[in-house]
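Add 1 to a position in the sequence shown, counting from 1, and you land on the number used in our numbering.
Note that beta-carbon positions come from the ideal geometry of N, C-alpha and C, so glycine has one too.
Here the structure is a predicted model, which is why all the values come from computation and not from measurement.
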Amino acid sequence: MITATDQTNSKGYLLDLVIYIAIMFLIRETSIPNTYYLVTGFLYSGTTLIAATWLMKRRGVTWKSIGLRRPKDIPKTVLIAGGLFITIIAMLLVFNVIQDFFSIVKESDEAAKGTIKGYTISNGDYAYVFSIIIFVWIQSALEELLERAFLITWLERLFSNLRFKTALAIIIQACIWGFRHSYDFSERSVSVALIGIIMGIAYVKFGRSLWPVIIAHCAMNTMSLI
């Protein structure tokens, strides 16, 4: 039975999410002339981090309580992250095979928006790659805080009266993450969403600790520079 308090709380979390997602996509559209993608990325992540932190503070939630805490077993955390990384690579390989065979979705020019192009270790750009790698890792960590910890937690609270609230939260956050990477229904948006589902499941399954997904995310982005 849904009480008046439950309905009020759901409306509150819905308003929080509307504010957060509106800020997310408005900042996503911000363009700063003569700057690199990392600048825009940090502008997006920094602004949404401030918004999320403010919304959390209003409801007495801390980043530590939703996953940003010291891992109890570092070797196990690294092992989980490694397994997660391998699982994602395997999933992408399977998806690419299916995509090549059936052409389920199409790639578009918009899908490449915000991706890293041209500079890789394989192209001999060692100085450039090593100069930005720490920023790539920070950006990866921020995305996990925002997409996995905050969005999943808030979506679960929004759907608190539903039996499958966690599964629904994982799917919705993954779809938002995929769409944010391309703004269309394309190979890129679908593959990113699939990664988001795997990351979301791992976040929930392994005690809602952010470190396994952060490490795996950093590994994926590092691989894209090789």
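Residues near residue i by beta carbon distance below 6 Å, same chain, minus five either side
i: leucine 146; result: none
i: isoleucine 105; result: none
7 Å Cβ cutoff met for residue i and residue j
i: cysteine 219; j: alanine 194; result: no
i: threonine 48; j: isoleucine 28; result: yes
i: alanine 168; j: leucine 85; result: no
i: isoleucine 215; j: alanine 128; result: no
i: leucine 69; j: aspartate 17; result: no
i: alanine 52; j: isoleucine 24; result: yes
i: isoleucine 89; j: isoleucine 199; result: yes
i: arginine 158; j: tyrosine 21; result: no
Option nearest residue i by Cα separation, candidates the options
i: alanine 170; options: Ile153, Thr54, Tyr14, Gln140; result: Ile153
i: lysine 77; options: Gly208, Ser225, Thr223, Leu226; result: Gly208
i: alanine 203; options: Tyr21, Leu80, Ser161, Leu94; result: Leu80
i: arginine 71; options: Trp212, Ser132, Gly179; result: Trp212
i: lysine 73; options: Thr223, Met221, Ser210; result: Ser210
i: methionine 224; options: Trp138, Phe102, Arg60; result: Trp138
i: phenylalanine 133; options: Gly83, Val19, Phe43, Ser11; result: Here residue 133 turns out to be isoleucine, not phenylalanine, going by the sequence shown. Measuring from the Cα of isoleucine 133, the nearest candidate turns out to be Phe43.
i: asparagine 10; options: Phe180, Met221, Asn162; result: Asn162
i: asparagine 222; options: Trp64, Phe131, Tyr45, Val205; result: Phe131
i: tyrosine 45; options: Phe26, Phe102, Arg164, Thr63; result: Phe26
i: lysine 206; options: Ala82, Leu93, Lys65; result: Ala82
i: lysine 12; options: Lys166, Phe165, Phe160; result: Phe160
Contact set for residue i: own chain, Cβ-Cβ below 8 Å, skip 5 residues either direction
i: glutamine 174; result: Glu148, Arg149, Leu152, Ile153, Leu156, Gly197, Gly201
i: glutamate 111; result: Confidence in glutamate 111 is poor, its pLDDT being 48 and thus under 50, which makes the residue's placement too unreliable to answer from.
i: phenylalanine 96; result: Val191, Ser192, Leu195
i: leucine 50; result: Leu143, Leu146, Leu147
i: lysine 107; result: Ser187, Glu188
i: alanine 91; result: none
Same chain only: Cβ atoms within 7 Å of residue i, ignoring 5 sequence neighbours per side
i: tryptophan 178; result: Glu148, Val193, Ala194, Gly197
i: isoleucine 172; result: Ile198
| task | Let me know the alpha helix (DSSP H) ranges lying completely inside the stretch 20-107, each 4 residues or longer, listed in chain order. | result | 38-59, 75-103
Checklist entry - In chain order, which beta strand (DSSP E) runs of at least 3 residues are fully inside the stretch 145-170? => result none
- Task: Taking only runs that begin and end inside the stretch 168-220, name each unbroken alpha helix (DSSP H) of 4 or more residues, in chain order.
- Result: 188-206
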